[in-house]
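Asker: Sequential numbering from -10 applies to the sequence shown in our numbering.
Just so you know, even glycine gets a beta-carbon here, dropped at the ideal spot from N, CA and C.
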Amino acid sequence: MLKNAIERRLQLVRTPCEREHFIKKMSKNNDRFRRQRLGDNRWIQKYAIGELNFEDDDSQQEQSSNSGNDQEWSGLQFVSFGSGSSGNCSFLGNENGGVLIDAGVDPSHVYRDLEANGIRISRVKGIVLTHDHADHIRYAYRIVRENKHMRIYCTPRLMGGMLRHHNISRRIKDYQVSIFKEIPFFLAGMKFTAFETSHDAIDNMGFSIEAGGKNFVVATDMGVITPRAEHYMSQASYLMIESNYDRNMLDTGRYPEYLKARVRGEKGHLDNEVAAQFVASHYHQGLDWVFLCHLSDDNNTPAVALGAMRQALQGRGLTVGDGSNAPSEQDKDVQVYALPRFDTSLWFVF
Ligand SMILES: [Zn+2]
Ligand SMILES: [Zn+2]
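(1) When the Cα atoms are used, what is the spatial distance from M238 to M298?
(2) Can you check whether the C-beta of N237 is within less than 8 Å of a C-beta belonging to chain C?
(3) Expressed to the nearest angstrom, what Euclidean distance is found between the alpha-carbon atoms of F80 and L176?
(4) At a threshold of 7 Å, does A190 count as lining ligand 2 (C-beta to nearest heavy atom)?
(5) What is the DSSP secondary structure of D240, reduced to helix, strand or coil?
(6) With DSSP collapsed to three states, give me the class of V206.
(7) What does the Cβ neighbour count give for F11, buried or exposed, with the cut at 16 atoms within 10 Å?
(8) For P291, which residues of its own chain have a beta-carbon under 7 Å away from its beta-carbon, when the five flanking residues on both sides are left out?
(9) My output table needs one value for M194: the three-state DSSP class, helix, strand or coil.
(10) Is it buried or exposed for H188, if we count other Cβ within 10 angstroms and need 16 for buried?
(11) Cβ-heavy atom distance between D287 and ligand 2 below 7 Å?
(12) Rounded to whole angstroms, what's the CA-CA distance from V323 to Q66? Just pull it up for me.
(13) Buried or exposed for D240, going by 16 or more other Cβ atoms inside 10 Å?
(14) Sorted by chain position, which residues of the same chain lie with C-beta nearer than 8 Å to S74's C-beta, five sequence neighbours on each side aside?
(15) H154: beta carbon under 7 Å from a heavy atom of ligand 2?
(16) Any idea which residues DSSP pairs K360 with across the strands?
(17) CA-CA distance, N193 and V252?
(18) Tell me, please, which residues DSSP counts as bridged to Y227.
(19) Who are the near neighbours of K14 in its chain, counting only those whose CB is closer than 6 Å to its CB and skipping five residues on each side?
(20) Given 7 Å as the limit, tell me if S187 has its C-beta closer than that to any heavy atom belonging to ligand 1.
(21) Just to confirm the assignment, what range does the alpha helix (DSSP H) spanning V94 have?
(22) Can you tell me whether H220 is buried or exposed, with buried defined as 16 or more other CB within 10 angstroms of its CB?
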């Protein structure tokens, strides 16, 4: 029942502050809530503001599902299950379903946390892959093998890279849907466009994902921001951008020289400062959230990465929220949040 789904979701938010965050996010959907008929958002909204009447739960849910319009967005939902060289995987979608972006986190954790957020894996349509490094594809075959309705959306070159360089069953090809950069495709009611990124896997891409009039852009694992990546990233409403390393920490850290050179290189990873300057110089009023992703465990800390981004944005005269949704943070120009490296993030509803 939807009531249980919302309760499970509220259970996932761990502190009073996070709980307030969740409820405020729901309240922000007020306008959309009024426009909708009996969509799920109405339920969530009522729950959040304490006006819930559980007695007509089932009848409302039925009418909602009978409306049968998957394109009617009830709020974009995003959660990250882990971000960094140990494993990357996130979910983007809404109550009607969604997709996983990358498959580098233990699926049992992914299923557990999706379920805790009221999202059944049977509603997840597939996995889109950014590139064929193990921290992004490690569990792709296991996930589709365990969920045969799902498909893997990736370029033929990326599939070839997975098969050549990883110990992975060729049966994974049975689940592939070929996509191509710069050619949009629709999945779970969202419009995806893959764009080239500068990295050292066999094939590398970010995604621009349009849903409900907003634009979620995934830009991870990139040594530099190329013009095509810039084109998409600069239009984001919600930007997930790599903020991999602090230059000083990398230079003075324990990595061997060849590895330092690889990370710094044009096909390596993105410097905190480069990410921060990019966002500050491309800020526009439609940019609501910046999610820092793929932070290095050796050459970065969340505080250092967030500090660089905040400083750059504030240097442009912008006010920066800390993503906590404390009352004092509500009216800031943009929210900045670092995705946890090993844990599930907050549950975001835009
Ligand atoms: Zn990676
Ligand atoms: Zn990579």
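Answerer: Based on what the coordinates show:
(1) Here residue 238 corresponds to residue number 249 of the sequence shown, with the count starting at 1. Here residue 298 corresponds to residue number 309 of the sequence shown, with the count starting at 1. So the alpha carbons of these two residues sit roughly 16 Å apart.
(2) Included in the structure is just one protein chain, with no chain C present.
(3) Counting from 1 along the sequence shown, the entry for residue 80 is found at position 91. Counting from 1 along the sequence shown, the entry for residue 176 is found at position 187. Roughly 13 Å between the two C-alpha positions.
(4) Here the question's residue 190 lines up with position 201 in the sequence shown. Within the cutoff, so yes.
(5) As a working mapping, residue 240 is identified with position 251 in the sequence shown. D240: helix per DSSP, three-state reduction.
(6) In the sequence shown, residue 206 corresponds to position 217, counting from 1. Three-state result, V206: strand.
(7) Numbered from its first residue, the sequence shown carries residue 11 at position 22. Low per-residue confidence applies at F11: pLDDT is 48, beneath 50, and the placement is therefore not dependable enough to give any value.
(8) Within the sequence shown, the letter at position 302 stands for residue 291. Counting only Cβ-Cβ distances below 7 Å, and skipping sequence neighbours, we find L284 and A327.
(9) On the sequence shown, position 205 is the one that residue 194 refers to. Strand.
(10) What you label residue 188 is simply residue 199 of the sequence shown in a count that begins at 1. When all chains shown are included, H188 counts as buried.
(11) Position 298 of the sequence shown, counted from the first residue, corresponds to residue 287. D287: no, Cβ never under 7 Å from ligand 2.
(12) Counting from 1 along the sequence shown, the entry for residue 323 is found at position 334. Counting from 1 along the sequence shown, the entry for residue 66 is found at position 77. In a straight line, the C-alpha of V323 is about 18 Å away from that of Q66.
(13) The residue labelled residue 240 in the question sits at position 251 within the sequence shown. The residue in question, D240, is exposed, as its Cβ has fewer than 16 Cβ neighbours within 10 Å.
(14) Position 85 of the sequence shown, counted from the first residue, corresponds to residue 74. If we look at S74 and ignore the five residues flanking it on each side, its Cβ neighbours are D124, H283, S285 and D286.
(15) Position 165 of the sequence shown holds residue 154. Not under cutoff, so the answer is no.
(16) Outside the displayed range of the chain (-10 to 339) lies residue 360, so it cannot be described from this structure.
(17) Walking along the sequence shown from the start, residue 193 turns up at place 204. Walking along the sequence shown from the start, residue 252 turns up at place 263. In a straight line, the C-alpha of N193 is about 15 Å away from that of V252.
(18) To locate residue 227, count along the sequence shown from 1; it is residue 238. Answer by DSSP bridge pairing, in chain order: F205 and W278.
(19) Stepping through the sequence shown from its first residue, residue 14 is reached at position 25. Bear in mind that the predicted position of K14 carries a pLDDT of just 47, short of 50, making it unreliable; the figure below should be weighed with that in mind. These residues qualify, in order along the chain: V338.
(20) For the purposes of this step, residue 187 is identified with residue 198 of the sequence shown, where counting begins at 1. In this structure, S187 has its CB at a distance of at least 7 Å from all heavy atoms of ligand 1.
(21) Counted from its first residue, the sequence shown places residue 94 at position 105. That residue, V94, is in no alpha helix (DSSP H); it is neither H nor E in DSSP.
(22) Counting from 1 along the sequence shown, the entry for residue 220 is found at position 231. Label assigned to H220: exposed.
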